[in-house]
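Enquirer: So the sequence shown is numbered by our numbering: it starts at 7 and just counts up by one.
The C-beta atom is built at its ideal place from N, Cα and C for all residues, glycine as well.
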Amino acid sequence: MIPGVIAKRYATALLELGTESGELDTLVDEMSRAAESYESNSELRVAFEDPLLAPSVKKAIMAEVCEGLGLGATAKNTLGLLVDRRRIKALPAIASRLRELADQKRGIVRAEVLTAMPLPEEYFARLERELARITGRRIALDRKLDQSLLCGVVVRVGDTVYDGSLIARLRQMKETMLPN
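1. Report yes if the C-beta distance between residue 163 and residue 122 is below 8 angstroms; otherwise report no.
2. Could you tell me the alpha carbon to alpha carbon distance between residue 133 and residue 100, rounded to whole angstroms?
3. Check whether the region 96 to 113 and the region 55 to 66 are in contact - that is, three or more C-beta pairs closer than 8 angstroms.
4. What do you get for residue 24, buried or exposed, if any count of 16 or more other CB atoms within 10 angstroms of its CB means buried?
5. Buried or exposed, going by whether 16 or more other CB atoms sit within 10 Å of the CB of residue 36?
6. May I ask you to list the residues that DSSP assigns as paired with residue 171?
7. Based on DSSP bridge pairs, tell me the residues matched to residue 149.
8. Tell me which same chain residues have a C-beta within less than 6 angstroms of the C-beta of residue 139, skipping the five on either side of it?
9. Taking C-beta to C-beta, are residue 126 and residue 44 nearer than 8 angstroms?
10. Sort 112, 41, 42 by Cα distance to residue 146 and report the nearest one.
11. So residue 85 packs on residue 72, CB below 8 angstroms; how close in whole Å?
12. Can you round the beta-carbon distance between residue 88 and residue 39 to whole angstroms, since I take them to be within the 8 angstroms contact cut?
13. In whole angstroms, what separates the C-alpha of residue 149 from that of residue 119?
14. By DSSP's criteria, residue 166 is part of a beta bridge. Which residues make up the other side?
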């Protein structure tokens with residue numbers, strides 16, 4: 007089955023479960039943390055992809071991971087099901103799709119903010135208010151550091167990019183000053 011279809015099916019089911027139980031935010035957070043652990047740990051990925059490793063061993067490994075992350079019953083059961091059905095590779099896509107669906111349900115738009123260095127919380131609060139004013143929707147910021155920017159901020163909201171980086175400003179100055 008196509009990974010996008012798998013992610014959508016599982017994410018939709020998790021959205022319904024989280025909504026019914028009133029723990030959608032918790033479930034989104036838990037699945038995101040599980041996906042992050044899976045993506046960041048190459049040994050874990052190799053273990054789950056090893057066809058010679060018994061399914062019972064894989065389930066035991068997943069149980070340890072769930073315990074270490076302090077996951078709730080729904081997240082544990084979902085991860086166990088993914089291991090049983092040999093679809094654990096889809097976990098990052100499922101977590102991402104679940105976050106998207108939950109955001110849609112709550113009317114939230116995600117904005118990716120790239121900065122060259124850590125900035126004060128007041129800056130992000132002001133940026134969030136301004137983006138909400140511009141878009142007319144509630145905004146959630148996903149912050150990332152990008153050393154290649156040197157200075158400035160780049161914000162991506164959907165298909166729109168607001169580039170306030172030093173590189174963009176220098177490029178703009180060059181275009182203004184040099185004739186074509």
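Expert: The relevant details are as follows:
1. Going by C-beta atoms, residue 163 is not nearer than 8 angstroms to residue 122.
2. Computed Cα separation, rounded: 29 angstroms.
3. no
4. buried
5. Buried, since its Cβ has 16 or more Cβ neighbours within 10 Å.
6. 158
7. 119
8. none
9. No, the Cβ-Cβ distance between residue 126 and residue 44 is not below 8 angstroms.
10. 112
11. 6 angstroms
12. With 8 angstroms as the limit, residue 88 and residue 39 do not qualify as a contact, their Cβ atoms being about 15 angstroms apart.
13. 5 angstroms
14. Residue pairing by DSSP puts residue 166 in a beta bridge opposite 163.
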